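Line order of the protein sequences matches chains A and B.
For the first sequence, the working numbering begins at 68 and goes up steadily by one.
For the second sequence, the working numbering begins at 131 and goes up steadily by one.
Idealized CB from N, CA, C, for every residue including glycine.
Computed from a prediction, not measured in an experiment: that's the story for all the values here.
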Amino acid sequence: MADMVARTLRITAPPDDVDSVHQALESVWAVVPDLEPRDRMSIETAVIELTANVIQYANRGRAVSFALTIVVYDDRVEATLSDSGEVDDVGLHSRGMPDAMAESGRGIPMIQALVDSVEHRRVEGFNHWTLVRAREAARDSVTPARGMPSVSISGVIDEMSRQRALEELGILDTPPEERFDRVTRLATQLFGVSGSAINLIDRDRQWSKSMVGSFPSEVPRSQSACAITIETDQTLIVPDLSQWEGHEHIGIPGEFEFYAGHPLYAPGGERIGSFCVFDASPRHFSEREVAMLRDLASWVQQELSVSQELSRAAEVQQGLLPQQLLSMPGWDIAGMCLPARAVGGDFYDWYPVGEGAAFTLADTMGKGIGSAIIAATVRAVLRSAARFGDVTGAVDAAAAALTGDLDSTGVFVTLFHARLDMDTGEVTYVDAGHGLTFIAKQSGEVRRLRSTAPPLGIDIETEWVAQTESLEAGDALVSVSDGVLDLYAGVEEALESVTSIVMLAESAEEIVDAMRARARGVAPDDVTVLVVRRDAA
Amino acid sequence: MELRERTLPDGVAVVAPVGRLTMVGAPDLRGKLAELVADGHTRIVVDLSEVVFLDSSGLGALVAGLKSARQAGGDLRIASATEQVLLVLKLTSLDRVLEPHATAESAFAELRPRDRGGR
């Protein structure tokens, strides 16, 4: 493609309408004077029909936004329209022109008649339309251009959605995992080959989630056989890599001479990588072996889906943490929750109550999904209970509501729940078996707040008693989960470290960031931190 | 959209839309044609000389006008179509029921427009 002219236009209709599209197209035509009038009229008519269709139907009559890109190549014109419409059933299936006396229904058949190919795909909630018309000058009388594939834009969209799906899996650059490694180990034994790998194709590199064999876990995409595998849905078998036409550079004599791979898919069906076996010398691969390879690939596939579900769950759980800062002049509040696995049993929460706010930090026994479900329940119950009464009332109501659930699941929850009066700095709290809340005074003195009650879920009659503390200018209240203690040799060392972090930090956010940096990648348990800091006078 | 109107000496009503006949302007033309028929004008010419672009909504308006004119015992004809309009008419085979005439004046004069040599 020696020359091309591309223009992109963003439209929101209303207020824009098809006239806006006409004006944009005119600016494109102005810079490609050699475009045949026939090509110009055809693509313009098709684009206008498509635009009108999108404006009228894509969002059920409501406002719709879309981006329209026109690319004029030497041999063809491509128009790609991406709209945010809800409707994905676009009725592109070939239907003829309606009856002569029909007043509508000509739009789609006209588009189909005006261009050589029409593609529609729905990716990530967007409709992507690609219209391609071969230019008159490039039309070959021998091979009709009808149905010509769009090589550029739809290819780019494919690659974009592939990349996005891969990133959503959240698996790239994660440490090795036994659940994947056992599959590659098994494959080398089953096939009697020198290696096996689970390779993911990430932009311009191949990254191995699991690898048996003496190859680096990262190679350029151009050197990757799996990057070829993901081009189709077929199992790719290359008995002798030195004889692989067009890809002779991929094999390595004496090290990498045989390859067999099967594509791996993201939950949305995008080909994100390949499960493969390879050997140091050329080899035959039987039908039975092909079937086995596919079986192993589908096993890997299942493990990948589990990852996906977990990362969805993680997103949901992060979404339950407070997203908005409290607007409390004179106060600075921050929090973080770093689950040891994808999801965890800790949470923190805050919301305005009266002339101040309520704060919670809770730690559900255990880690993982079970704890996360309980944590979400505790959060919801406490939030609704906090609407009534004071701190003790809220904890009492929440504890009563949760007793049955915690009992039947055999789980208990430690909890720090507090109310802050933003004017006086008075903090009233109930600590249910948590005991990991500190007040760091500006003077450098640090005091640990005592736990006054057993955790929720311990089956004893409890009278919740609120304690009161006061935060002066420059003081900070820091509540952490016991995962923080695992980062240190003991409570004393943890306390010391937290104190120095608090003293050195300029803001609540800095305290949280310092703790996050300390915990990332090394914490064996969920790590949660909540900081309420009163501005220095 | 702008719709220029005139009446030919033989009583034929001529409507000449100006600009693009798309979903933006088509409802105006549709309304105007309905109004003409309701007012008793059953022989109507849509002069397309100033129409630079026509899409399926424009076609819909023409077909609607054609139907109501015929139901009233008259006819609707088109004249002076530009290149893009001719392309669209041909593509949709509507040139068979809406045969393009050279001018508004000749639209009802030519009894057999096919004899002009074109289709």
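Find the nearest neighbour of residue i within the set the options, judged by alpha-carbon distance.
i	options	result
A:A584	A:F483, A:C404, A:D416, A:A424	A:C404
A:I110	A:R143, A:R127, A:D84	A:R143
A:A125	A:H195, A:Q90, A:D106	A:H195
A:L503	A:E493, A:I295, A:G492, A:R517	A:R517
A:V420	A:F483, A:D457, A:D430	A:D457
B:D205	B:V154, B:G155, B:V148, B:H171	B:H171
A:T147	A:I178, A:E153, A:V114	A:V114
B:T233	B:S179, B:G155, B:A202, B:G141	B:S179
B:V218	B:R207, B:D185, B:A209	B:D185
A:S451	A:A466, A:S438, A:V250, A:I440	A:A466
A:T427	A:D399, A:R288, A:A461, A:W311	A:A461
A:A201	A:D269, A:S564, A:S184, A:I175	A:S184
A:K276	A:S289, A:Q301, A:L239, A:I304	A:L239
Where does residue i sit, in a helix, a strand or coil, going by DSSP?
i	result
A:L303	strand
A:R189	strand
B:T233	coil
A:N126	coil
A:H195	strand
A:D592	coil
A:I525	coil
A:V508	The sequence shown places Lys at residue 508 of chain A, not Val. Here A:K508 sits in coil by DSSP.
B:F238	coil
A:T118	helix
A:I441	helix
A:R454	coil
A:K434	coil
A:A416	The sequence given here places Asp at residue 416 of chain A; Ala does not occur at that position. If DSSP states are grouped into helix, strand and coil, A:D416 belongs with the strands.
A:T210	Low confidence applies to A:T210: its pLDDT is 45, below 50, so where it sits in the model is not reliable, and the reading given next is rough at best. Reduced to three states, the DSSP call for A:T210 is coil.
A:M227	helix
A:F325	strand
A:A390	Per the sequence shown, the amino acid found at residue 390 of chain A is Gln instead of Ala. In the structure shown, A:Q390 sits in coil (DSSP, three-state: anything other than H, G, I, E or B).
A:D463	helix
A:G402	strand
A:F258	helix
A:T75	strand
A:V599	strand
A:M177	helix
A:R486	strand
A:M168	coil
A:V218	Caution is warranted here: a pLDDT of 47 is assigned to A:V218, below 50, making its placement in the model unreliable, and no coordinate value can be reported.
For residue i and residue j, which I take to be in contact (beta-carbon distance under 8 angstroms), what is that distance rounded to the nearest angstrom?
i	j	result
A:A507	A:D542	7 angstroms
B:T152	B:F183	7 angstroms
A:T495	A:A533	5 angstroms
A:L102	A:V139	6 angstroms
A:I137	A:V95	5 angstroms
A:T444	A:D472	6 angstroms
A:D413	A:R446	That belief does not hold up - the Cβ atoms of A:D413 and A:R446 are roughly 11 angstroms apart, past 8 angstroms.
B:G193	B:I174	Checking the displayed sequence, the identity of residue 193 of chain B turns out to be Val instead of Gly. B:V193 to B:I174, Cβ: 13 angstroms. No contact.
A:S228	A:E337	6 angstroms
Are the C-beta of residue i and some C-beta of chain B separated by less than 8 angstroms?
i	result
A:V154	no
A:D84	yes
A:V596	no
A:E116	yes
A:S87	no
A:P320	no
A:L181	yes
A:R206	no
A:R53	Because chain A in this structure spans residues 68 to 604, residue 53 of chain A falls outside the shown range and cannot be described.
A:E298	no
A:P419	no
A:E103	no
A:E170	yes
Residue i CB to nearest chain A CB: under 8 angstroms?
i	result
B:T222	yes
B:L189	yes
B:E132	no
B:S186	yes
B:V227	yes
B:D245	In this predicted model, B:D245 has a pLDDT of only 42, less than 50, meaning its place in the structure is not dependable enough to derive any value.
B:V181	no
B:H231	no
B:L219	no
B:A234	no
Contacting positions in the stretch 200 to 214 of chain B - beta carbon closer than 8 angstroms to chain A
E213, Q214
Check distances from the C-beta atoms of the stretch 142 to 176 of chain B to those of chain A and list, in chain order, the residues that come in under 7 angstroms.
R150, T152, M153, V154
What residues from the stretch 107 to 140 of chain A come within 8 angstroms of chain B, judged by C-beta to C-beta, listed N to C?
M108, S109, E111, T112, I115, E116, A119, I122, Q123
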